[in-house]
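In what follows, a single structure is set out as structure tokens and then discussed.
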Amino acid sequence: MRRTLPIFLLLVSPAFAQRTAPSGNADARLKAIYTAEDTWRKAQFEDDSEDPGEHIRPHLPHVDDATQQAKLAHWRRALDQLDAVRVTALSPAEKLNYEILRRQIVIAIHNQKFRDFEMPVNSDSSFWGNEELTAQASFKTLADYTNYIARLDEVPRFFAENIANMRAGLARHFTPPQVTLLGRDASIASIAHATTAERTAYFKPLLKMPDSIPAGTQLQLRTQAASIILARIVPAYADLLTFWQKEYVPHAATSLSAEDLPDGPHYYQFKIGEYTTTDLKPSEIHQIGLDEMAKIQAEMIATMQQAGFTGDLPAFLNFLRADPQFYAKTPAELLMRAAYISKEFDSVSGRFFGYLPRQRFAIKPVPDAIAPFYTSARGGAATYWVNTYDLPSRALYSLPALTLHESAPGHSLQLSIVQEHKNLPKFRSAYISAYGEGWALYCERLGVEMGMYHTPYETFGMLSYQAWRAARLVVDTGIHSQHWTREQGQAYLRENTALSTHEIETEVDRYISWPGQALSYYLGELSILKARRKAEAALGDHFNLRAFHDAILETGAVPLPVLEQHIGEFIAKGGVGPYPDMER
């Protein structure tokens, strides 16, 4: 009989009981389990991004119901294997691997049981907007191109499986709220109505090929791809568009609350545990948001006064939204400002980090097809995506905080360090939102110490972003557990942040259709700040900020309780970080 402990306890305390089954070599046994798991995940495309240095895959994953049930059975077997490991016999490093892997598998099992795969779309993301479809990874060899063309041929099958899943979700009233889906069909229509293959995103990787591929072969590849795009992919998008407009959106859920979904209260609590790695209840998170917002507003008012503004806070927010001095005139200007800020960080990085990764990142505009409903930016190890759509909604005074969050020392630096940790098992590269987003938000605050904010307006931009993330605690829980309306969520952001109207609308729709994810940012930052204050108090003059940051980043993504335990060990060792020669 399986455990009936609450989902959140399984997520937060994966090693909540000691296993006593006999084991010869516990470390070796665990390594065999996660090595097999890594191999299985790669075959199943569970890691849905291209690894640096790997070839483009020749297939798209299967997502049909039979595959989903096979995944559930696999993860149940894997959990049984983990539960047979004698945890007390594991080395410290492998015990950490155990806790993280077990948490991942428990989450995967519950996502399958809740049938999350029946909702492969929200206001922010979609299966047809997946980067894997258009292979935005770099192509290096002829095999990459031939594999990519083979993958193009599987798009209709992949779409059909996702539509079948969505139809099953629709039948049991498991969909994103209808209001968050309106207008999202523009990205479908752009390809469904395409008359030339060359103008679609699918053809873009073939526009420029390496000189090592003969010209005749290049022509053959382009001709083959164009034929598949027009004959198979465009019709697949046309079918999806019909389903979306005639069937899915008209019958999608009208309630905004996740607690109104099937088994909704348990589903929302599970999502809180998945994204925040805590067992906090919605009411507790809501109150934390209110309390933190009051603190941030006091800082905002003080900064407003430093700027010489004589009106009240609402008037200042309106001034910031309306004055053209705060907005770029062209997409190129916005991109160049972001590039300048990222290079400015390079000039001070050595004072705050002992270990800096070799990986560099590109700065690119968000693709036009998804930009109208996309967030202001998004960062990964290799790319910092900046949204240049609707420039009057992209405030320059917020750009320093945004850049620190999405590029370096935020997501790009953190993810690049993980990739360079060759001793970490592959499954440890999986993203844990509370850690990754908490770190990135902490980096926005760190910008004050790094001297990255040069005017009161830029400091206010950082504080507005802090308020934005604190507001998420209030809005997400308000919508999903207190039945707030969409207008209530928008009003709360409008009254408490300097976000533009466009950003407020897209952000609130994101929280409505992606329950729990927005909670990870501020709760993660609070955990890191708590750990830093504890280290500063315990170590006194021996506290080394570079060593502390290196200690935070050395683990890769871990649950917040594990991170706090790790910093406790850092303190016990006298505050010596993982790279002492670099941290002096």
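For what it's worth, the numbering used here labels the leading residue of the sequence shown as 577, then goes sequentially. No residue lacks a Cβ here, since even glycine has one placed at the ideal position from N, Cα and C. Remember, it's a predicted structure, so these values are computed and weren't measured experimentally.
(request) Since I believe Ile993 is in contact with Tyr931 (beta carbons under 8 Å), could you give me their beta-carbon distance rounded to a whole number of angstroms? (result) The count along the sequence shown starts at 1 and reaches residue 931 at position 355. The count along the sequence shown starts at 1 and reaches residue 993 at position 417. Yes, they are in contact, since the Cβ atoms of Tyr931 and Ile993 sit about 7 Å apart, within 8 Å.
(message) Using a 10 Å radius around the Cβ and a threshold of 16 neighbouring Cβ atoms, would you call Ala1148 buried or exposed?
(response) Position 572 of the sequence shown, counted from the start, is the residue given in the question as residue 1148. Ala1148 should be labelled exposed.
(message) Quick check: what's the CA-CA separation for Ile946 versus Met1038?
(response) Against the sequence shown, residue 946 aligns to sequence position 370. Against the sequence shown, residue 1038 aligns to sequence position 462. Rounded to the nearest angstrom, the two C-alpha atoms are 26 Å apart.
(request) Could you tell me whether the Cβ atoms of Ser1125 and Phe929 are closer together than 9 Å? (result) Numbered from 1 along the sequence shown, position 549 holds the residue referred to as residue 1125. Numbered from 1 along the sequence shown, position 353 holds the residue referred to as residue 929. Per the sequence shown, the amino acid found at residue 1125 is His instead of Ser. Taking 9 Å as the Cβ cut-off, His1125 and Phe929 qualify as a contacting pair.
(message) DSSP three-state label for Ala1074, please.
(response) If you number the sequence shown from 1, residue 1074 lands on position 498. DSSP places Ala1074 in coil when its eight states are reduced to three.
(request) Please classify Lys940: does DSSP put it in a helix, a strand, or coil? (result) Stepping through the sequence shown from its first residue, residue 940 is reached at position 364. Strand.
(request) Determine the burial state of Arg678: buried for a count of at least 16 other Cβ atoms within 10 Å of its Cβ, exposed for fewer. (result) As a first step, residue 678 is located in the sequence shown; it is residue number 102 there, counting from the start. Burial call: buried.
(request) Pull up the CB-CB distance for Ala1006 and Leu1136, whole angstroms please, since I reckon it's below 8 Å. (result) Taking the sequence shown and counting its residues from 1, one reaches residue 1006 at position 430. Taking the sequence shown and counting its residues from 1, one reaches residue 1136 at position 560. The Cβ separation is near 15 Å, so there is no contact.
(message) According to DSSP, simplified to helix, strand and coil, what is Arg1175?
(response) Because residue 1175 is not part of the residues shown, which for the chain are 577 to 1160, the question remains open.
(message) Can you look up Tyr1098 in the DSSP assignment and give me helix, strand or coil?
(response) Reading the sequence shown from its first residue, position 522 is the one you call residue 1098. In this structure, Tyr1098 counts as helix in the three-state DSSP scheme.
(request) In the DSSP assignment, find the unbroken beta strand (DSSP E) run with Val663 in it and report its ends. (result) Position 87 of the sequence shown, counting from 1, holds the residue named residue 663. Unbroken run through Val663: none, as it is neither H nor E.
(request) Can you tell me which of Val924, Ile725 and Ala958 puts its alpha carbon nearest to the alpha carbon of Ile939? (result) For the purposes of this step, residue 939 is taken as the residue at position 363 of the sequence shown. Checked all of Val924, Ile725 and Ala958; the closest Cα to Ile939 is Ala958.
(message) Less than 7 Å between C-beta atoms, sequence neighbours within five positions excluded: which residues of the same chain meet that for Gln990?
(response) Here residue 990 refers to the residue found at position 414 when the sequence shown is read from its first residue. Around Gln990: Gly1012, Trp1015 and Leu1129.
(request) Quickly, what does DSSP pair Ser702 with across the bridge? List them, please. (result) Start at 1 with the first residue of the sequence shown, and residue 702 comes out as number 126. DSSP output for Ser702 lists Val697 as bridge partner(s).
(message) Assuming Arg954 is part of the beta strand (DSSP E), what are its boundary residues?
(response) Here residue 954 corresponds to residue number 378 of the sequence shown, with the count starting at 1. Its beta strand (DSSP E) spans residues Ala953 to Gly955.
(request) Please check the pair His749 and Pro841, which I expect to be a contact at CB under 8 Å, by giving their CB distance rounded to whole angstroms. (result) On the sequence shown, residue 749 is found 173 positions in, with the first residue counted as 1. On the sequence shown, residue 841 is found 265 positions in, with the first residue counted as 1. Their Cβ separation, rounded to whole angstroms, is 15 Å, which puts His749 and Pro841 out of contact at 8 Å.
(request) Can you give me the start and stop residues for the alpha helix (DSSP H) that Val994 sits inside? (result) In the sequence shown, residue 994 corresponds to position 418, counting from 1. Here the alpha helix (DSSP H) through Val994 covers His987 to Glu996.
(request) Within the same chain, show all residues whose beta-carbon is closer than 7 Å to that of Gln1064, passing over the 5 residues directly before and after it, in chain order. (result) For the purposes of this step, residue 1064 is identified with residue 488 of the sequence shown, where counting begins at 1. For Gln1064, where only same-chain residues beyond five positions count, the Cβ hits under 7 Å are Gly1054.
(request) Compute the Euclidean distance between the alpha carbons of Trp1060 and Val1051, then round it to the nearest angstrom. (result) On the sequence shown, position 484 is the one that residue 1060 refers to. On the sequence shown, position 475 is the one that residue 1051 refers to. Whole-angstrom Cα-Cα distance: 8 Å.
(message) Below 8 Å, how does it come out for the stretch 815-835 and the stretch 1015-1035: are there three or more Cβ pairs, yes or no?
(response) no
(request) Measure how close the beta-carbons of Leu832 and Ile1088 come, nearest whole angstrom, since I'm counting them as under 8 Å. (result) Along the sequence shown, one-based indexing puts residue 832 at 256. Along the sequence shown, one-based indexing puts residue 1088 at 512. Right, their Cβ atoms sit about 5 Å apart.
(request) Go ahead and label Val962 buried or exposed: buried means 16 or more other beta carbons lie within 10 angstroms of its beta carbon, across all protein chains shown. (result) Sequence index remark: in the sequence shown, residue 962 carries index 386 (1-based). It counts as buried.
(request) May I ask you to report which of helix, strand or coil DSSP gives Thr979? (result) If you number the sequence shown from 1, residue 979 lands on position 403. Reduced to three states, the DSSP call for Thr979 is helix.
(request) Taking only the alpha-carbon atoms, compute the straight-line gap between Leu585 and Gln680 and give it to the nearest angstrom. (result) Residue 585 sits at position 9 when you count from the first residue of the sequence shown. Residue 680 sits at position 104 when you count from the first residue of the sequence shown. Confidence at Leu585 is low in this model, with a pLDDT of 42, below 50, so its placement is unreliable and no value can be given for it.
(message) Quick check on Trp1060: does DSSP put it in helix, strand or coil?
(response) Within the sequence shown, residue 1060 is the residue found at index 484, counting from 1. Looking at Trp1060 - three-state DSSP - the assignment turns out to be coil, as it is neither helix nor strand.
(message) Please classify Gln1066 as buried or exposed, where buried requires at least 16 neighbouring CB atoms within 10 angstroms.
(response) To locate residue 1066, count along the sequence shown from 1; it is residue 490. Buried: at least 16 other Cβ atoms inside 10 Å.
(request) Run the CB neighbour count on Val731, radius 10 Å, all protein chains shown included, and call it buried at 16 or more, exposed below. (result) Residue 731 sits at position 155 when you count from the first residue of the sequence shown. Classification of Val731: buried, given that the 10 Å Cβ count is 16 or more.
(request) Can you tell me which of Pro634, Ser918 and Asp614 puts its alpha carbon nearest to the alpha carbon of Met1026? (result) For the purposes of this step, residue 1026 is taken as residue 450 along the sequence shown, with counting starting at 1. Of Pro634, Ser918 and Asp614, the residue nearest in Cα terms is Ser918.
(request) Report the three-state DSSP secondary structure of Ala904 (helix, strand or coil). (result) Residue numbering aside, residue 904 sits at position 328 when the sequence shown is read from its first letter. Note: Ala904 maps to coil in three-state DSSP.
(message) Our contact map puts Glu675 next to Val1138 with C-beta atoms below 8 Å; I'd like the distance itself, whole angstroms only.
(response) Position 99 of the sequence shown, counted from the first residue, corresponds to residue 675. Position 562 of the sequence shown, counted from the first residue, corresponds to residue 1138. Confirmed, about 6 Å.
(request) Give the secondary structure of Thr852 by DSSP, where H, G and I count as helix, E and B as strand, and everything else as coil. (result) Locating residue 852 in the sequence shown gives position 276, where the first residue counts as 1. Of the three classes helix, strand and coil, the one that applies to Thr852 here is helix, per DSSP.
(request) Determine the closest residue to Met1158 out of Ala801, Ile848, Leu1121 and Arg954, with distance taken between C-alpha atoms. (result) Counting from 1 along the sequence shown, the entry for residue 1158 is found at position 582. Ranking the options by Cα distance to Met1158, first place goes to Leu1121.
(message) Can you list, in chain order, the residues of its chain with a C-beta nearer than 7 Å to that of Leu866? Leave out the 5 residues immediately preceding and following it.
(response) Residue numbering aside, residue 866 sits at position 290 when the sequence shown is read from its first letter. Taken in chain order, the residues that qualify are Val1050.
(message) I'd like to confirm the pairing. Which residues does DSSP put opposite Trp961 in its beta bridges?
(response) Here residue 961 refers to the residue found at position 385 of the sequence shown. BP columns for Trp961 point to Lys940 and Arg954.
(message) For Ala1094, which residues in the same chain have their Cβ closer than 6 Å to its Cβ, ignoring the five residues on either side in sequence?
(response) As a working note, residue 1094 is residue 518 in the sequence shown. Arg1048, Asp1052 and Tyr1087.
(message) For Pro1091 and Ser1057, what's the separation of their Cα atoms in angstroms?
(response) Along the sequence shown, read from residue 1 onward, the residue named residue 1091 stands at position 515. Along the sequence shown, read from residue 1 onward, the residue named residue 1057 stands at position 481. So the alpha carbons of these two residues sit roughly 10 Å apart.
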